[in-house]
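Q: Just passing along the structure, written as structure tokens.
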Amino acid sequence: HPRCPLFEEGLCEVSVPPLADMGEGTRVACHVVARERAKEAA
Numbered sequence: 001h002p003r004c005p006l007f008e009e010g011l012c013e014v015s016v017p018p019l020a021d022m023g024e025g026t027r028v029a030c031h032v033v034a035r036e037r038a039k040e041a042a
């Protein structure tokens with residue numbers, strides 16, 4: 001996370017985000033992606 005422009009202090013350094021499948025063999029572990037996907041599912 002030191003290089004991530006989306007780093008959120010108080011979250012990223014204390015909690016491991018879920019691994020999300022982005023398609024075409026790409027997976028990411030990101031709290032921002034997880035939050036956006038949860039919004040889309042709601």
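Quick note: the sequence shown uses full-length UniProt numbering, first residue 1, plus one each step.
Note that beta-carbon positions come from the ideal geometry of N, C-alpha and C, so glycine has one too.
From a predicted model like this one, the values you see are computed outputs, not experimental measurements.
For PHE4, does the count of other Cβ atoms within 10 angstroms reach 16, so buried, or fall short, so exposed?
A: First, the amino acid is wrong: residue 4 is Cys here, not Phe. Under this definition CYS4 is an exposed residue.
Q: Can you grab the Cα-Cα spacing for the pair GLU36 / GLU24, in whole Å?
A: Distance between the alpha carbons of GLU36 and GLU24 is about 19 Å.
Q: Classify ARG3 as helix, strand or coil using the three-state DSSP reduction.
A: coil
Q: Give the single residue among ALA42, LYS39, GLU40, ALA29 whose Cα lies nearest to the Cα of GLU13.
A: ALA29
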